[in-house]
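Sequence order for the protein chains is H and W. Counting along the first sequence from 1, when you hit position 354 you're at 354 in the numbering used here, and nothing is skipped either side. Counting along the second sequence from 1, when you hit position 291 you're at 291 in the numbering used here, and nothing is skipped either side. Built from N, CA and C at the ideal position, the CB exists for glycine as well. A short worksheet on the structure shown next.
There are 2 protein chains.
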Amino acid sequence: MSSRPQAHDYLETLACSACDREHDPRQIHTVCRECGHSLLARYDLRRVARAITPDEVTRRSRGIWRFRELLPPLAAGGGPDLGAGDTPLLPLRRLGERLGMPHLWLKDEGANPTGTFKARGAAVGVAAAAALGVRELAIPTAGNAGSAWAAYSAAAGLPIHVVMPVDTPPPIKAECVAYGADVTEVDGLISDAARIVNERAARSGWFDASTMREPFRVEGKKTMGLEIAEAFDWKPPDAVLYPTGGGVGLIGIWKAMRELDEMGWLDGPPPRLIAVQAAGCASIVDAWEAGAATAERVADAHTVAPGLRVPLPFAHALVLRAIRETGGTAVAVSDDELMAAMSELAESEGVFACPEGAALLPALRRLLDRGDLTREETVVLLNTGNALKYTDLMHATGGSAA
Amino acid sequence: MSSRPQAHDYLETLACSACDREHDPRQIHTVCRECGHSLLARYDLRRVARAITPDEVTRRSRGIWRFRELLPPLAAGGGPDLGAGDTPLLPLRRLGERLGMPHLWLKDEGANPTGTFKARGAAVGVAAAAALGVRELAIPTAGNAGSAWAAYSAAAGLPIHVVMPVDTPPPIKAECVAYGADVTEVDGLISDAARIVNERAARSGWFDASTMREPFRVEGKKTMGLEIAEAFDWKPPDAVLYPTGGGVGLIGIWKAMRELDEMGWLDGPPPRLIAVQAAGCASIVDAWEAGAATAERVADAHTVAPGLRVPLPFAHALVLRAIRETGGTAVAVSDDELMAAMSELAESEGVFACPEGAALLPALRRLLDRGDLTREETVVLLNTGNALKYTDLMHATGGSAA
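Rendered as structure tokens:
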């Protein structure tokens with residue numbers, strides 16, 4: 001059985017990531033009411049460090065709520081628990097040999113409910129929304145966030161409106177419909193879906209759970225960083241490669257490492273965070289290469305990987321800050337490269353990674369070539385989901401008739 | 001990181017499930033060389049009980065190899081580990097309220113690698129095959145076993161031949177092809193695929209890893225039973241409902257409970273095991289209702305659920321014995337009922353269960369109606385996989401354009 005969460009209260013405030021203005025965490029918020037930037041949860045980390053030990057957290061039964069003192073408090077009885085978190089960290093033995101890297105790992109987020117890392121954000125986001133009295137949710141999505149939020153909303157008994165591009169992979173739409181979500185398709189990108197949600201939310205009183213416009217989703221994603229640190233016995237790996245669409249997970253891992261560091265749990269510096277994007281939609285890579293602290297919207301965003309088809313992450317400044325503060329970097333790969341990597345990962349390691357996760361493999365080769373990583377370093381590839389939602393992309397051939 | 005297996009040796013013999021003839025577990029075997037029935041691994045359970053404690057097993061890091069003393073020994077370095085096992089056990093709160101059942105649970109095997117319970121059998125089966133020096137594998141499949149074995153074979157670097165019905169869901173075929181398996185499609189059922197594998201294996205020296213014709217797959221499936229007992233603090237639930245195609249998992253759970261009982265770990269009787277089948281393919285239900293100890297092949301097997309489309313499980317006598325010995329029963333549901341249950345589970349609990357797993361919900365209602373279960377009992381529904389492979393069945397409708 002999963003670890004049942006308990007109500008607790010180490011959450012002090014929601015502080016604006018840009019102007020630092022504080023907001024009461026016991027009230028419903030989206031972005032900073034002063035400047036419109038993302039809010040980040042701030043905990044009393046000294047009290048948390050006195051309340052729990054690393055060993056105690058490790059001994060608790062599986063799932064993200066093992067880290068409950070570093071998550072927002074819940075309504076009595078807890079939010080819906082579909083089993084998110086504690087995904088496997090797999091040694092990539094055969095690829096490691098091929099690349100001369102003895103310490104290469106893949107964290108496989110495909111093991112989450114709904115098959116992707118989005119379940120972590122949804123688990124915490126929906127639980128927090130329910131605890132705060134939200135009655136109706138709305139979310140724009142490139143796909144996977146939509147089905148994850150639809151699943152948790154169903155389990156919580158909350159209605160949800162999901163707005164997605166018309167070219168979202170059909171299995172994802174089928175999931176959302178099965179969960180009973182109200183699905184709207186738009187002839188455009190996730191940015192167009194976001195605009196529609198924003199307008200309708202204002203009109204209809206829906207709670208807009210868009211990426212980084214809602215403060216608790218990133219707390220759920222943070223658990224990826226907490227688990228990575230724990231898996232390496234609190235001595236963080238040298239680098240984490242992360243496929244960057246909205247960038248919430250990358251910000252989450254950065255936040256996790258900062259909090260653990262402040263609690264005195266880390267034995268060594270946080271990992272260098274490396275954002276990987278598709279060449280046709282590389283706002284963060286472009287900004288990084290230009291040495292800019294903020295990014296610009298990509299005019300003609302295109303890539304086969306739906307999760308990377310984000311013209312400009314809402315929290316682009318935070319993504320760039322996380323890369324900068326950890327000594328990371330950013331790199332783009334072509335669609336051909338990432339599609340070929342899906343096959344290479346499956347054939348050599350038995351991991352059926354989504355196109356976004358597969359993009360990390362050609363990125364890794366590029367980083368080794370240009371000296372941003374060395375072969376002896378401990379490196380984690382964060383595969384964000386299972387490729388089962390994307391088999392339409394793969395033009396399966398190769399079977400023969402008996 | 002997953003718990004790394006170590007070589008060990010509590011496995012004493014492979015005993016025939018029909019004639020009890022013993023076979024050396026350090027050699028490659030399929031079925032009993034005397035009578036052709038399934039072999040079952042037999043361990044020195046007294047030594048195992050002296051070597052480990054329940055608490056020790058619970059403290060080990062996640063995955064099926066936590067139970068390594070009750071699994072076949074591995075080659076040095078261990079078999080490939082893709083993270084199978086330790087799937088979530090979810091309370092079905094909303095359905096439980098609807099049915100008046102306060103202790104209703106679902107074990108969600110969709111969290112396994114390749115999205116189904118088949119990963120458990122493949123993890124142990126491929127590891128054992130590799131340790132015994134098998135060089136080439138072959139497997140007939142209704143779908144999910146094929147992709148699970150293809151994934152683990154890829155990770156182990158072993159070639160595999162997968163033979164599947166031509167109407168296997170396309171995402172499953174795409175998985176197998178991505179993993180580099182040699183895929184053959186047959187215009188028939190899994191029984192026709194089995195015949196082809198059997199013939200070619202004899203001719204080409206492939207190892208035939210068909211259901212219950214290979215002794216270690218059931219050992220992997222056994223971990224479901226071990227985890228269920230552990231999750232309830234070694235006091236087993238009253239009943240487990242299991243969707244029965246080949247029946248390996250049901251036999252595995254029965255075997256797990258017997259072994260735990262013999263080790264003195266169980267606080268209470270094993271759960272009643274309840275086989276659930278589709279009305280169009282119900283060999284076990286028919287035999288059970290006739291009071292027979294063996295089952296007959298269904299002539300015109302048909303159901304939308306690929307995993308239930310098995311005209312006669314090879315180990316039908318063992319399935320019936322497991323039901324009988326635990327005081328269980330067998331029940332069939334219609335395709336309409338199981339398809340409706342997919343939506344009901346998704347909408348009410350946020351669980352996107354495969355058609356086979358969804359079949360358990362109408363079966364549960366029938367069992368309550370006819371008094372085979374009471375509402376106060378602790379009941380586990382074993383959902384064997386994620387519905388993402390089956391969205392073609394669901395005719396997703398319901399989205400609207402913006």
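Taking CB distances under 8 Å as the criterion, tell me whether residue i reaches chain H.
i, result
"residue 157 of chain W", "yes"
"residue 349 of chain W", "yes"
"residue 152 of chain W", "yes"
"residue 359 of chain W", "no"
"residue 225 of chain W", "no"
"residue 346 of chain W", "yes"
Around the Cβ of residue i, are there at least 16 other Cβ atoms within 10 angstroms (buried) or fewer (exposed)?
i, result
"residue 28 of chain H", "exposed"
"residue 51 of chain W", "exposed"
"residue 183 of chain W", "buried"
"residue 217 of chain H", "buried"
"residue 249 of chain H", "buried"
"residue 204 of chain W", "exposed"
"residue 102 of chain H", "exposed"
"residue 327 of chain W", "exposed"
"residue 269 of chain W", "exposed"
"residue 302 of chain W", "exposed"
"residue 108 of chain W", "buried"
"residue 118 of chain W", "buried"
Short of 6 Å in beta carbon distance, which residues of its chain neighbour residue i, apart from the five on each side in sequence? Order them along the chain.
i, result
"residue 127 of chain H", "74, 79"
"residue 57 of chain W", "66"
"residue 17 of chain H", "37, 38, 40, 318"
"residue 42 of chain W", "12, 13, 15"
"residue 286 of chain H", "none"
"residue 306 of chain W", "142, 143"
"residue 256 of chain H", "222, 225, 226"
"residue 329 of chain H", "274, 372"
Could you list which residues in chain W have their beta carbon closer than 8 Å to that of residue i, in chain order?
i, result
"residue 389 of chain H", "388"
"residue 59 of chain H", "59"
"residue 66 of chain H", "Under the 8 Å cutoff, chain W gives no residues; its nearest Cβ is about 12 Å from residue 66 of chain H."
"residue 477 of chain H", "In the structure as shown, chain H begins at 1 and stops at 402. Residue 477 of chain H is therefore absent and cannot be evaluated."
Shorter than 8 Å from the beta carbon of residue i to some beta carbon of chain W?
i, result
"residue 384 of chain H", "no"
"residue 342 of chain H", "yes"
"residue 175 of chain H", "yes"
"residue 352 of chain H", "yes"
"residue 178 of chain H", "yes"
"residue 307 of chain H", "no"
"residue 290 of chain H", "no"
"residue 143 of chain H", "no"
"residue 115 of chain H", "yes"
"residue 203 of chain H", "no"
"residue 111 of chain H", "yes"
"residue 315 of chain H", "no"
Residues of chain H with CB under 9 Å from residue i, in chain order?
i, result
"residue 82 of chain W", "88, 90, 108, 349, 350, 351"
So, at 8 Å on beta carbons, what are the nonlocal neighbours of residue i in its own chain, with the 5 sequence-adjacent residues on each side left out?
i, result
"residue 320 of chain H", "284, 287, 288, 292, 293, 294, 295"
"residue 2 of chain H", "Bear in mind that the predicted position of residue 2 of chain H carries a pLDDT of just 47, short of 50, making it unreliable; the figure below should be weighed with that in mind. Same-chain partners within the cutoff: 61, 62, 63, 65, 81, 83."
Could you list which residues in chain W have their beta carbon closer than 9 Å to that of residue i, in chain order?
i, result
"residue 62 of chain H", "62, 86, 88"
For residue i, I'd like the list of residues in its chain whose CB is within less than 7 Å of its CB, leaving aside the five on either flank, ordered along the chain.
i, result
"residue 358 of chain H", "338, 341, 342, 345"
"residue 332 of chain H", "277, 278, 279, 282, 285"
"residue 252 of chain W", "218, 221, 222, 224, 225"
"residue 35 of chain W", "16, 18, 19"
Inspect the CB distances between the region 94–110 of chain W and the region 89–97 of chain H and report whether three or more fall short of 8 Å. no
Could you check whether the region 215–231 of chain W touches the region 291–304 of chain W, counting it as contact only if at least three pairs of C-beta atoms, one from each stretch, sit closer than 8 Å? The region 215–231 of chain W vs the region 291–304 of chain W: no contact.
Count Cβ pairs between the region 217–226 of chain W and the region 360–368 of chain W that sit closer than 8 Å; are there 3 or more? no
Whether or not the region 274–290 of chain W and the region 116–124 of chain W are in contact is what I'm after, with contact meaning three or more pairs of Cβ atoms, one per stretch, closer than 8 Å; do they touch? no
Below 8 Å, can you find three or more Cβ-Cβ pairs linking the region 371–389 of chain W to the region 353–362 of chain W? yes
The region 174–193 of chain H in contact with the region 339–347 of chain W per 3-pair CB rule at 8 Å: Yes, they touch.
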